[in-house]
Amino acid sequence: DAGVTQSPTHLIKTRGQQVTLRCSPKSGHDTVSWYQQALGQGPQFIFQYYEEEERQRGNFPDRFSGHQFPNYSSELNVNALLLGDSALYLCASTPPGTSPLNTEAFFGQGTRLTVV
Amino acid sequence: QKEVEQDPGPLSVPEGAIVSLNCTYSNSAFQYFMWYRQYSRKGPELLMYTYSSGNKEDGRFTAQVDKSSKYISLFIRDSQPSDSATYLCAMSPGGSYIPTFGRGTSLIVHP
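Taken in sequence, the protein lines are chains A and B. Counting in the working numbering, the first sequence runs from 1 upward without gaps. Counting in the working numbering, the second sequence runs from 1001 upward without gaps.
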C-alpha cells in the first residue's frame, strides 16, 4: 500500500502565478483534507473534501480552492500566489466512518512550495 | 495569543533520558487531544490521542491532559536517537473534528 501520495514533491513559482497540487489518498480512504505548514509552524487546516464536495473550510482566502474526483483523489489550487504562500502543503486522508478523533488519518509527505 | 502554545525548542537530551513535551491552550471547547511526530521532510504521524482529562500510556509514551489548567503533556521514557523529530500537539472541540496544531517542539536525542 503506497499510503498517501502527493505530487510534485517540490515546486518553485513566481509571485502572481497559479499552482495545482495533487493528492492520492490511501487505498480505502474517501475523505481528503489539506493543510498548510509554514516553516517552524504547525499545520493549518485549509479545507476538507468528501463525496466531491468541500465539507469544511479553515480561515483561508478564496484564492485557495480545491477539487475531489470520483476516485477520491484531490487537487489544491492556489491563485495569485503571494510570497507568504511559501510552505509545505500536506494532504491527509481518512477512511469511511472515521471516529471524531480522526485517529486513522494518514498524512502524505507534502509538497514544498516556494514562491519567489 | 494563539489558541495552542508550544515551545519550539530545540530540546536536546542524552539517550535514555525521560523527555517531557508540553502544550498550553486557551479554548475551553477543546475535548480531543493528540500528539503527532514529524520527521524531517515527512508528514506528521499520529502517536497518541486522549479524550478529555486523564492519562494514557502506550509503550514508552504517556500522554496527560489537565483541562483545569489547560495543559497537556507527552512523556517519552528511555528516549532513543530514533525519537529525534518534531512533536506536534493538536486538539479539537467536540462536533468539529479538525485539529488545531501547536507549532511543534524539536527533540534531539543524542547517543
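Think of the CB as a built atom: it goes at the ideal place given N, C-alpha and C, for glycine as much as any other residue. If you're wondering where the values come from, they're calculated on a predicted model, not measured in any experiment.
Where does residue 39(A) fall in DSSP's three states?
-> coil
What residues match up with residue 114(A) in a beta bridge as DSSP calls it?
-> DSSP lists 12(A) as partners of residue 114(A).
Can you tell me whether residue 1071(B) is buried or exposed, with buried defined as 16 or more other CB within 10 angstroms of its CB?
-> By the 10 Å Cβ count, residue 1071(B) comes out exposed.
Residue 69(A) burial status per 10 Å Cβ neighbour count (16 or more: buried) = exposed
In whole angstroms, what separates the C-alpha of residue 56(A) from that of residue 49(A)?
-> 7 Å
Identified DSSP bridge partners for residue 1022(B) = 1073(B)
Residue 1042(B) touches chain A at which residues, Cβ-Cβ below 7 Å?
-> 109
In terms of alpha-carbon separation, which member of 110(A), 94(A) and 52(A) lies closest to residue 21(A)?
-> 110(A)
With respect to the beta strand (DSSP E) encompassing residue 1036(B), which residues constitute its N-terminal and C-terminal limits?
-> Per DSSP, residue 1036(B) is one residue of the beta strand (DSSP E) stretching across 1030 to 1038.
Which residue or residues does DSSP assign as beta-bridge partners of residue 1014(B)?
-> 1110(B)
Residue 1087(B), buried or exposed, once every other Cβ within 10 Å from all chains shown has been counted against 16 = Around the beta carbon of residue 1087(B), 16 or more other beta carbons lie within 10 angstroms, which makes this residue buried.
Kindly indicate which three-state DSSP category residue 28(A) falls into: helix, strand or coil?
-> Per DSSP, reduced to three states, the secondary structure at residue 28(A) is coil, with no helix or strand assignment.
Beta carbon of residue 1006(B) nearer than 9 Å to that of residue 1022(B) = In this structure, residue 1022(B) lies closer than 9 Å to residue 1006(B) by Cβ.
Return helix, strand or coil for residue 81(A), following the three-state DSSP convention.
-> coil
Cutoff 9 Å: residue 1001(B) Cβ touching any chain A Cβ | no
Decide yes or no for the touch test of the segment 1054 to 1064 of chain B against the segment 1072 to 1079 of chain B: beta carbon pairs closer than 8 Å, at least 3 of them.
-> yes
How would you call residue 46(A), buried or exposed, if buried means at least 16 neighbouring beta carbons within 10 angstroms?
-> buried
Quick one, are the C-beta atoms of residue 1089(B) and residue 1004(B) less than 9 Å apart?
-> yes
One or two residues paired with residue 19(A) in a DSSP bridge | 78(A)
Within chain A, the residues that residue 1098(B) reaches when beta carbons sit closer than 9 Å = 33, 45, 48, 56, 58 and 102
Chain A partners of residue 1103(B), CB-CB under 8 Å?
-> By Cβ distance, chain A contributes 40, 41 and 42.
From the DSSP output, which residues share a beta bridge with residue 133(A)?
-> Here chain A covers residues 1 to 116 and nothing more, so residue 133(A) does not appear.
Have a look at residue 1082(B) and residue 42(A) and give me their C-alpha separation to the nearest angstrom.
-> Near 21 Å, if we compare the C-alpha coordinates of residue 42(A) and residue 1082(B).
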